[in-house]
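Here the structure is laid out as structure tokens; the discussion comes afterwards.
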Amino acid sequence: MGSSPLHCLKIGIAGAGGRGGAFRDACQSLGVHIHAVCDTNPQRLDAAAAQFGADQKYTDFGEMLAESNLDAVIIGTPMYLHAEQSIQALERGVHVMSEVTAAVSLQECRRLVQACKQSGAAYMLAENCNYMKPNVIVKEMVTAGLFGQTYYAEGEYLHELKELNELTPWRRRWQTGVNGVTYGTHNLGPILQWMPGDRIIAVCCAGSGHHYRDPRGALYENEDTCVMLCKLASGGLAQVRVDMLSNRPYGLTFKLQGTTGAYESAREHGQPDRVWLQARTRERERWIALDDFEDEFLPPWWKQHAPAALRSGHDGSDYYILLAFLETIAGRRPCPIGIHEAMDMTLPGLISQQSILQNGVWLEVPDTRIW
Ligand SMILES: NC(=O)c1ccc[n+]([C@@H]2O[C@H](COP(=O)([O-])OP(=O)(O)OC[C@H]3O[C@@H](n4cnc5c(N)ncnc54)[C@H](O)[C@@H]3O)[C@@H](O)[C@H]2O)c1
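According to my numbering, the sequence shown holds residues 10 to 380 in order.
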């Protein structure tokens, strides 16, 4: 990004000893200096301060905000802290990039939306899956009209984390300790960007029962697999399966159906993602590798940054999400995942938690644009 004024910004990172610290490579590649780091764990804090070469370090988020005169903060703390810390920062006029999910309750969502309305600072959700290469290519193909009208999508997030639960107990409470979809944004982010102008207006949710116990012998409150059906304003449908308990390999997968095209991501890493496109495929039964469309549809900004980005986490998407945030706060582009998009991705999961309590009844998902 050259020697732009961005490099004079005072940026802080909360949860710097965990996910916040994962942005170190992206910061380095983008030439961003981290002014202050914050983590409640003193050992992790010291290590993060050294890794980032930060000027200041804090064990208390409020103190960091009060003392370090930040322009922007990256919030990489456990999920249940995101909304509260975002609100605190926004109230001080500090730009926020928050990890997913944006909030863990409907009440927090209301307070966060209100804080965004009242603040002059920008809020962005760090849904990095939106920037993964296949997801970006599919988005560009949708924009070019190759899928026709998109009306059905599926997403799965399968991440067995029973051991990780014990190392990060907040997960036991907020990811596997609540029934319903607790972590749906990694799927809904890409799916919603393939359904331009659409939003989820209602959800219903059901689970597969309880087949595992934690080391203390307790059943997880979260059913092993939770499936949420999402009705779109356009009449379309999306299905999201989140499973953090079942014994199996990791999987983050997608399917998309439009009137003239279909997409299926690979089940396994290294296997080809594939598309069928009426305009480009002569035979009805023949899929084409998505990679074949990379030259044509991967946007120039993705290609231009790829050498630096690919040194960062999650296949470069950590770099692109940080880049988008920096460009947003510099006023160079509208925020790509602002508060309403963040709510469009977060609220369906929260409402699914109410649905599953009521035997899978369909429930309306509020539109925060009219709050
Ligand atoms: N987008 C992604 O790809 C991705 C990947 C991993 C995690 N995450 C999200 O990032 C968040 C953090 O996950 P994690 O795996 O790093 O968890 P973690 O528990 O390993 O790390 C969180 C860190 O925050 C610190 N912390 C806790 N309370 C704090 C507070 N009040 N103030 C400052 N620091 C505090 C902890 O000491 C710890 O170092 C979660 O919401 C998770 O969902 C996103």
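No residue lacks a Cβ here, since even glycine has one placed at the ideal position from N, Cα and C.
The alpha-carbon separation between residue 109 and residue 194 amounts to approximately 7 angstroms.
With a 10 Å radius around the Cβ and a threshold of 16 neighbouring Cβ atoms, residue 312 comes out exposed.
Judged by beta-carbon spacing, residue 18 lies within the 9 angstroms limit of residue 338, meaning their Cβ atoms are closer than that value.
Contact between residue 106 and residue 334 holds, with the beta-carbon distance rounding to 4 angstroms and staying under 8 angstroms. The continuous alpha helix (DSSP H) containing residue 195 extends over residues 194-202. Taking the Cα positions, residue 54 is about 34 angstroms away from residue 362. Judged by beta-carbon spacing, residue 99 lies within the 9 angstroms limit of residue 125, meaning their Cβ atoms are closer than that value. If you draw a straight line from the Cα of residue 35 to the Cα of residue 377, it comes to about 31 angstroms. Here residue 241 is near residue 210, since their CB atoms are less than 9 angstroms apart.
In the three-state reduction of the DSSP assignment, residue 222 falls in the strand class. Counting every other CB atom within 10 Å of its CB across the protein chains shown gives residue 298 a total below 16, marking it as exposed.
Residue pairing by DSSP puts residue 262 in a beta bridge opposite 165.
Residue 373 counts as exposed, since fewer than 16 other C-beta atoms from the protein chains shown sit within 10 angstroms of its C-beta. Take the alpha-carbon of residue 369 and the one of residue 44: they are about 47 angstroms apart. For residue 240, the enclosing beta strand (DSSP E) starts and ends at 234-241. In this structure, residue 27 has its CB closer than 8 angstroms to one or more heavy atoms of ligand 1. With a 10 Å radius around the Cβ and a threshold of 16 neighbouring Cβ atoms, residue 168 comes out buried. DSSP places residue 271 inside the beta strand (DSSP E), whose first and last residues are 270-273.
Between residue 348 and residue 121, the gap from beta carbon to beta carbon is short of 9 angstroms.
Here the alpha carbons of residue 37 and residue 322 stand approximately 12 angstroms from one another. Beyond the five residues adjoining it in sequence on each side, residue 243 comes within less than 6 angstroms, by CB distance, of 207 in the same chain, given in chain order.
Rounded to the nearest whole angstrom, the CA to CA distance from residue 164 to residue 259 is 13 angstroms.
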